[in-house]
């Protein structure tokens with residue numbers, strides 16, 4: 354999707370208002386990304402645990418798992 358740059362703004366719009374919107378947007382985005390990171394780490398640990406339980410010498414089999 355392409356972004357559109359508008360040359361028209363609402364009356365009374367200020368840089369401070371735009372900056373406040375950016376800060377407001379950043380907070381929920383960071384919360385979501387932190388949650389996704391925790392899920393990714395947990396998933397990776399579970400995969401490692403399962404691989405170790407089923408093939409303790411897995412590092413010698415030549416199979417590699419990259420996340």
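Numbering (our numbering), first residue to last: 354 to 420. Every residue gets a Cβ at the ideal spot worked out from N, C-alpha and C, and that includes glycine.
- Residue range 368-407 is occupied by the alpha helix (DSSP H) that includes residue 379.
- Between the alpha carbons of residue 356 and residue 405 lies a distance of about 47 angstroms.
- Taking the Cα positions, residue 392 is about 10 angstroms away from residue 399.
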